[in-house]
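Structure, as C-alpha cells:
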Amino acid sequence: MYELRNGFTIKEKLEILSDAAKYDVACTSSGSERSGKEGMLGNAVASGVCHAFASDGRCISLLKILMTNHCVYDCKYCKNRAGNDIPRATFTPDEICTITVEFYKRNYIEGLFLSSGIIKNPDYTMEKMCETLRLLRTKYMFNGYIHIKAIPGASSELIYSAGLLADRISINMELPTNESLSRLAPNKTMTNILKPMNRITGTIAAHRAAIGKDARMERAVINEHLVNSIFNSGADKPLSGIDGSSEPLVDTKSLIKTLTEDNTFAYPADIKDTRLKRSFAPAGQSTQMIIGASGETDLEIIHTAQNLYKSFDLKRVFYSGYIPINEDDALPALNTPVPMLREHRLYQADFLLRYYGFQANELLSKERPFFDNRIDPKCDWAVRHLCDFPVEVNTASYDKLIRVPGIGPTGVKRIVNARRYGRLNFDMLKRMGIVLKRAQYFITCNGKMLFNIPLEEKFIINSLADSEKKETVRIGGKDITIKQMNLFSDFNVMSS
Amino acid sequence: MNVFTCAPDLESILSCIYVAWSSGLGHKNIKIESEPIEQLSLFDSYTHVDKDHAMVQSVIDAVNLKISPSFYSDLAYISMAYEKDVPDLMYRLMLLGFAYGPGVINNTCYEVVVRFHEIKKRLSNESCRFKEVSRFHEVRHSLYVAHIEPKSRIVITLGPAFSDRMPSENWMVIDDVHREAVIHPKNSPFYLRTLTEDEFNELLMTEKENDEYTDLWKIFFDSIAIKERENLKLQRSLFPLWTRKHAVEFT
Ligand code: SF4
C-alpha cells in the first residue's frame, strides 16, 4: 500500500498533512446520533467519543487531515500560506477513504475531519473534498462521523453537497472583525465567510423542521430552566453590538426570518447526494477564532461568539491561542508565548454562555474588557455581584444556584433532586459530591455559612486566587502549557 | 459480626444475600463480602456460600415484584464492579428498597445510595473508557481482535457499542484479567464466552501479528500534537497509564 504518488509515500503524506491540520482546534465527534446498519461501517454517538489524548493533552477523536497543504492564499498566520517554503503533499480521495475506514475498524477514531489548503481555486478544492466524501459514503459504505471545512468562496452547490455528506460543517471565522481579517488574511472577506454560514444555518434549520425537529439545534437541558439563557432570550430579535445600540458585530437575521428568506441552498453539486437521504449537517456548524494574533479584546471576542450562537445557531465556537509560526510585521513576534490562560478563560466564558445562562455583557464591559487572570470568569462575576449572595441552597431557584461558583449543572440537579426529600446541610452537600472550595463563600445551608467568612470582595478574591494559583500558573506559566484545561471536569458537563 | 462470603459474580452474590437474609441474625450483625477475603478478623465468623439457582431466582423475583425491575437492573449492573464493598452495598440497597420502594435509589441522603451512585458512575466511566481505548488488531483477513485489562468485569458492556459500530465485521474483545471475551460474528448477535486456558493462550498471540495500520496510526498520533503546547501531565491525567496497556500508540 505504500506506493509512491507525487513523490511521497502514504506515511509521509500522513505525516505532512496531519501536521498541517493540527492547528485547527475542533476535533469533537459529537452532535450526531446514528445507529449502525448491516452492510455499513460505523455509527455516530451524540456525546462524541475521544479515542486518545495527544502529548499536548488534546483529545483525538477524528482523523484530522488536510486534503492538501498546497495553498494559493497567503493568510499571514498560517503555516501553509503560499509564501512559505515547506514540503507540500496531496492525498487522493481513495487514500483518504482507505485510511479512514482502516483506522475506524481498529477503533482509533470516530471518523474524519477533512480540511484543505486551496489548490487552484475554492471550487476545485471543494469539489475534490466532496468527491472524497461521496466515495466514503457510497463506495466504502462509511456511516461514521465526518466533519468537513467549507472553503470560503466555494459555490453554493458544492457547500450544499458537502453538508449532505457530512455530519458537521464549519467555516473558520479566524478573526472576529473585518479589519483584522483584511490585514491578516487578505484573500478572505467577511462576506465570503458569513454568507455561506448564513445559508448553512438556514439549510440546517429547514432540514430539521422537515423531519419534525425544532428548527434550532438542541442545547443542554439546563437552559430550559434558565430564564436568561442566550438560547431562550431574544432569539427572534435582531442582535446588537457590544454597547447594545451600535452596529452588530455580525450581520444577524433571526432563524425564523432565515427560514422564510432565500437563504437556504437550492441544488447540490451532484443530485445523487440528495438520494442518500441524509439530513444536512445534523451535528450543526461550528467555527474557530484565533486568539492573540490581532488586537481584539475578550469582550469583543465573547460578544461575537454570543452573536454567532444566537443568530447563526452555531453548535460550537472554538478558540485557538495563536502559535507564532511565521515571521511577519503584522503578527506578534516569533517568541511570543501562546496565550494559553487567555484561551482558557475564553473557553470558561463560553461555557458560561452555553450552560449557565450568562450573557456576554454580564461578564465583561467596555470599562473592563479583559478577563481576570487570577480567578475564573464565574468567580469574577460573583465577587462583583456580592449583593446577590449568599444563596440559600434549600430554597434557591435553578438560576440562582447555577451562578454559585463551584456548582455546575450536575451539582444543581443533585441539589434540586435531594431537597425533595428533606433539608440539606453542608455534610450532605459534600456527600453529594459538591465541592465547597469555591462555593463556601457564596452559600448558606439553613441560614448558616460553612465558616464565619466575611462577604467582602477583596477577601474572597484573595482566597480564591490563592487556591487557584497553582492551576493558573500551570496554564499561563512558561514551563508547563496546557490546552483548554480539563474543562469538562471543571464544569461537570459533557462535550458537545 | 457474621460475614457471609462468596465468589464475586452476580449469581453467587445473590445466593449469599439469600442465605444471609434468611439467617435471622439481624441486618446489623451481618456483612457480605466477596472472596478472596483480604484480611480475616479474629472477631468475625465466616460462612462461605455457593451459587444456588433456586436462591438466585427467588431474590430476583422478590426485587422485581416488591421493588421494581429497574431496581434489579441497577443491582445487577453494580455487581460487575471490582470494589470489595459491592456485595454488602447490594444487600443494604435491597433493605432500603423493600422499606421505601424504588424511588429511594435517588435519595442521596442515604450514604449507601451515594455510594451506589459513585460506583455506578465509576463503572460507566470504566466501560466508556474501554469503548475509547480498546484497539483492534487485524489478524488473518478481516478478523479484528482487541485485548483489554479492565478492573471490573465490564467486557459485556462493550458488546452493544461495538456491534452497533461494526455490525458487518468479525471481531472480539478479550478481557485478559477475567478471561472473558465478547465475540461478534459478522452480521450476527454478539455473545459472552469464558475462555479456556488453551483458547486464552492462543488469543494472547494476536497482538504480536503485524498490522500495517498500527505504524500509520503512530505517525498520526505523534504528528497531530502541537509541540509548543506539550503537556504530558494533562495527557497522563486524561489517558491514565493503566488504560494504555494495549493502546498501540504507546508501544
Ligand atoms: S486559506 Fe489561508 S488559512 Fe487556509 S490553508 Fe490557505 S493560507 Fe492557510
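Chains as they are written, first to last, in my numbering: chain V, 46 to 541; chain Y, 6 to 256. Think of the CB as a built atom: it goes at the ideal place given N, C-alpha and C, for glycine as much as any other residue. Small disclaimer: the values here were computed from a predicted structure and weren't measured.
| query | For the ligand SF4, any of its heavy atoms closer than 6 Å to the Cβ of R133 of chain V? | reply | No - the ligand SF4 has no heavy atom lying nearer than 6 Å to the Cβ of R133 of chain V.
| query | At what residue ranges does the region 44 to 106 of chain Y contain a whole run of the alpha helix (DSSP H), taking only runs of 4 or more? | reply | For the region 44 to 106 of chain Y, whole alpha helix (DSSP H) runs of length 4 or above, ordered along the chain, are 58 to 67, 74 to 83 and 91 to 105.
| Which of helix, strand or coil DSSP assigns to T183 of chain V | DSSP places T183 of chain V in helix when its eight states are reduced to three.
| What does A151 of chain Y touch in chain V if you count any residue whose Cβ is under 9 Å from its own? | Against A151 of chain Y, the close residues of chain V are R151 and N152, in the order they occur along the chain (beta-carbon pairs closer than 9 Å).
| L246 of chain Y to D169 of chain Y, Cα distance in whole Å? | Rounded to the nearest angstrom, the two C-alpha atoms are 28 Å apart.
| Interface partners of K136 of chain Y on chain V, CB under 7 Å | Taking the beta carbon of K136 of chain Y as reference, the chain V residues within 7 Å of it are V94, listed in sequence order.
| query | Does the pairing of the region 175 to 188 of chain V with the region 76 to 93 of chain V give three or more beta-carbon distances under 8 Å? | reply | Counting Cβ pairs under 8 Å, three or more are found: they touch.
| Does DSSP classify K194 of chain V as helix, strand or coil? | Strand at K194 of chain V.
| field | CB contact check: T113 of chain Y to chain B, cutoff 7 Å | value | The structure shown has no chain B; the protein chains it does contain are V and Y.
| field | A151 of chain Y - DSSP class collapsed to helix/strand/coil | value | Reduced to three states, the DSSP call for A151 of chain Y is strand.
| message | Quick check on I169 of chain V: does DSSP put it in helix, strand or coil? | response | In the sequence as displayed, the identity of residue 169 of chain V is Tyr instead of Ile. Three-state result, Y169 of chain V: helix.
| From what residue to what residue does the beta strand (DSSP E) around Y364 of chain V run? | Per DSSP, the unbroken beta strand (DSSP E) holding Y364 of chain V starts and ends at R361 to G366.
| request: Can you tell me which of V:L111, V:M235 and V:G93 puts its alpha carbon nearest to the alpha carbon of K58 of chain V? | output: The residue with the shortest Cα to Cα distance from K58 of chain V is V:L111.
| Does the separation of the CB atoms of M85 of chain Y and I153 of chain Y fall below 7 Å? | With a cutoff of 7 Å on beta-carbon distance, M85 of chain Y and I153 of chain Y are scored as not near each other.
| message | Between which residues of its own chain and R483 of chain V is the CB-CB distance below 7 Å, once the five residues before and five after are set aside? | response | So the qualifying residues of the chain are C424, P450, G451 and L509.
| said: Would F255 of chain Y pass as an interface residue toward chain V - the criterion being a Cβ-Cβ separation below 7 Å? | reply: The beta carbon of F255 of chain Y does not come within 7 Å of any beta carbon belonging to chain V, so the residue lies off that interface.
| field | Beta-carbon contacts of T211 of chain Y that lie in its chain and below 7 Å, excluding the five residues immediately before and after | value | Excluding residues within five positions, the ones whose Cβ falls inside 7 Å are H142, V144 and V150.
| Got a sec: does the ligand SF4 put a non-hydrogen atom nearer than 6 Å to the Cβ of Y118 of chain V? | Y118 of chain V Cβ: within cutoff of the ligand SF4.
| query | Residues of chain V with CB under 7 Å from I224 of chain Y, in chain order? | reply | By Cβ distance, chain V contributes K56, L59 and E60.
| field | Same chain, Cβ closer than 6 Å to F471 of chain V, five either side skipped, listed in chain order | value | These residues qualify, in order along the chain: C490 and L495.
| field | Helix, strand or coil at A89 of chain V according to DSSP, with G and I counted as helix | value | Strand.
| request: Over the uninterrupted alpha helix (DSSP H) stretch that includes M235 of chain V, give me the two end residues. | output: Counting along the chain, the alpha helix (DSSP H) containing M235 of chain V begins and ends at M235 to A255.
| request: Name, please, each residue of chain V whose Cβ falls closer than 7 Å to the Cβ of E174 of chain Y. | output: Neighbours of E174 of chain Y on chain V, chain order: K150.
| message | Taking only three categories from DSSP, how would you classify E40 of chain Y? | response | Reduced to three states, the DSSP call for E40 of chain Y is coil.
| message | Please tell me whether N236 of chain Y has its Cβ less than 7 Å away from any Cβ of chain V. | response | Closer than 7 Å: yes.
| query | Who are the near neighbours of I42 of chain Y in its chain, counting only those whose CB is closer than 8 Å to its CB and skipping five residues on each side? | reply | Around I42 of chain Y, the same chain offers V8, T10 and Y51 as residues with beta carbons nearer than 8 Å, after the five sequence neighbours per side are excluded.
| request: Using a Cβ cut-off of 7 Å (strictly closer), state whether M494 of chain V contacts chain Y. | output: With 7 Å as the cut-off, M494 of chain V does not count as an interface residue toward chain Y.
| field | Any chain Y beta carbon closer than 7 Å to A99 of chain V | value | In terms of beta-carbon proximity, A99 of chain V lines the interface with chain Y, with at least one pair separated by less than 7 Å.
| field | Closer than 8 Å at the beta carbon, the chain Y residues around K82 of chain V | value | Per Cβ cutoff of 8 Å: P172.
| C123 of chain V beta carbon near the ligand SF4 (any heavy atom closer than 6 Å) | True, at least one ligand heavy atom lies under 6 Å from that Cβ.
| Which word fits L70 of chain Y, buried or exposed, when buried means at least 16 other C-beta atoms lie within 10 angstroms of its C-beta? | Burial call: exposed.
| request: Find the nearest neighbour of R228 of chain V within the set V:N217, V:S339 and V:I316, judged by alpha-carbon distance. | output: The option with the nearest alpha carbon to R228 of chain V is V:S339.
| query | Going by DSSP, which residues form a beta bridge with S215 of chain V? | reply | Looking at the DSSP output, S215 of chain V sits in a beta bridge with V:K194 and V:S331.
| message | As a quick exercise: from V:I144, V:L398 and V:F310, pick the residue whose alpha carbon is nearest that of N352 of chain V. | response | Ranking the options by Cα distance to N352 of chain V, first place goes to V:L398.
| request: Mind checking which residues open and close the alpha helix (DSSP H) that includes K150 of chain V? | output: Taken as a continuous stretch (DSSP letters only), the alpha helix (DSSP H) holding K150 of chain V covers P138 to K150.
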